[in-house]
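Written out below as C-alpha coordinates is the structure these notes cover.
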Amino acid sequence: MPTFSRYNIRLSQIEDTPKVLSLYRDVAEKPGGLARLPFEITSHYVENFLKATVSRGLGFVAVDNN
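Following this note's numbering, the numbering of the sequence shown begins with 3 at its first residue and continues without gaps.
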(Lines of atoms letter the chains of each structure in order from A and count residues from 1; the text may use other names and numbers.)
(Lines give C-alpha, C1' and ligand atoms only; values in the text may rest on other atoms or scores of the structure.)
Protein backbone atom coordinates (compact mmCIF):
# COMPACT_ATOMS: atom_id res chain seq x y z
CA MET A 1 0.00 0.00 0.00
CA PRO A 2 1.19 3.54 -0.64
CA THR A 3 2.55 5.77 2.11
CA PHE A 4 1.04 9.24 2.48
CA SER A 5 3.24 11.61 4.49
CA ARG A 6 3.42 10.26 8.02
CA TYR A 7 0.66 7.66 7.61
CA ASN A 8 0.72 4.24 6.02
CA ILE A 9 -2.64 3.05 4.63
CA ARG A 10 -3.08 -0.70 4.71
CA LEU A 11 -5.77 -3.38 4.81
CA SER A 12 -7.31 -3.91 8.22
CA GLN A 13 -6.61 -7.11 10.15
CA ILE A 14 -8.12 -8.84 13.18
CA GLU A 15 -4.93 -7.91 15.05
CA ASP A 16 -6.03 -4.26 14.77
CA THR A 17 -8.86 -4.89 17.27
CA PRO A 18 -7.20 -3.33 20.37
CA LYS A 19 -6.21 -0.10 18.61
CA VAL A 20 -9.51 0.24 16.73
CA LEU A 21 -11.35 -0.41 20.00
CA SER A 22 -9.40 2.36 21.71
CA LEU A 23 -10.03 4.78 18.85
CA TYR A 24 -13.77 4.03 18.71
CA ARG A 25 -14.13 4.45 22.47
CA ASP A 26 -12.33 7.81 22.33
CA VAL A 27 -14.53 9.04 19.47
CA ALA A 28 -17.72 7.75 21.13
CA GLU A 29 -16.95 9.99 24.13
CA LYS A 30 -17.37 13.08 21.95
CA PRO A 31 -20.92 14.27 21.19
CA GLY A 32 -21.80 13.50 17.58
CA GLY A 33 -18.68 11.37 17.14
CA LEU A 34 -20.33 7.99 16.57
CA ALA A 35 -23.82 6.57 16.55
CA ARG A 36 -22.76 4.41 19.51
CA LEU A 37 -22.19 5.18 23.17
CA PRO A 38 -18.85 4.26 24.76
CA PHE A 39 -20.31 1.30 26.70
CA GLU A 40 -21.60 -0.16 23.42
CA ILE A 41 -18.11 -0.28 21.93
CA THR A 42 -16.76 -3.64 23.07
CA SER A 43 -13.91 -5.81 21.90
CA HIS A 44 -16.52 -8.26 20.58
CA TYR A 45 -18.24 -5.49 18.57
CA VAL A 46 -14.99 -4.33 16.96
CA GLU A 47 -13.68 -7.84 16.33
CA ASN A 48 -16.95 -8.84 14.62
CA PHE A 49 -16.90 -5.98 12.14
CA LEU A 50 -13.17 -6.46 11.46
CA LYS A 51 -13.79 -10.18 10.80
CA ALA A 52 -16.65 -9.29 8.43
CA THR A 53 -14.46 -6.76 6.65
CA VAL A 54 -11.62 -9.24 6.23
CA SER A 55 -13.85 -12.07 5.01
CA ARG A 56 -16.52 -10.25 2.96
CA GLY A 57 -15.48 -6.68 2.41
CA LEU A 58 -12.72 -4.19 2.28
CA GLY A 59 -11.35 -2.25 5.22
CA PHE A 60 -8.39 0.03 5.71
CA VAL A 61 -6.50 1.48 8.64
CA ALA A 62 -4.16 4.45 8.71
CA VAL A 63 -1.02 3.72 10.76
CA ASP A 64 1.08 6.59 12.10
CA ASN A 65 4.68 6.05 10.97
CA ASN A 66 6.06 8.18 13.81
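Even glycine gets a Cβ: it sits at the ideal position worked out from N, Cα and C.
Next item on the list: Decide if LEU52 is buried, meaning its Cβ has at least 16 other Cβ atoms within 10 Å, or exposed.
Entry: The residue is buried, with at least 16 neighbouring Cβ atoms inside 10 Å.
Check: Tell me which same chain residues have a C-beta within less than 7 Å of the C-beta of LEU137, skipping the five on either side of it?
Finding: Lying outside 3 to 68, the shown extent of the chain, residue 137 is not represented and no answer is given.
Note to self: Quick check on this structure: which residue in TYR9, ILE16 and ILE11 has the alpha carbon closest to the alpha carbon of GLU56?
What the structure shows: The sequence given here has Val at residue 56, not Glu. With distances taken between Cα atoms, VAL56 lies closest to ILE16.
Next item on the list: Quick one: give me the first and last residue of the alpha helix (DSSP H) that ARG58 is part of.
Entry: For ARG58, the enclosing alpha helix (DSSP H) has its first and last residue at 45–58.
Item checked: Cut-off 6 Å between Cβ atoms - residues of its own chain near GLU31, not counting five sequence neighbours on either side -> PRO40
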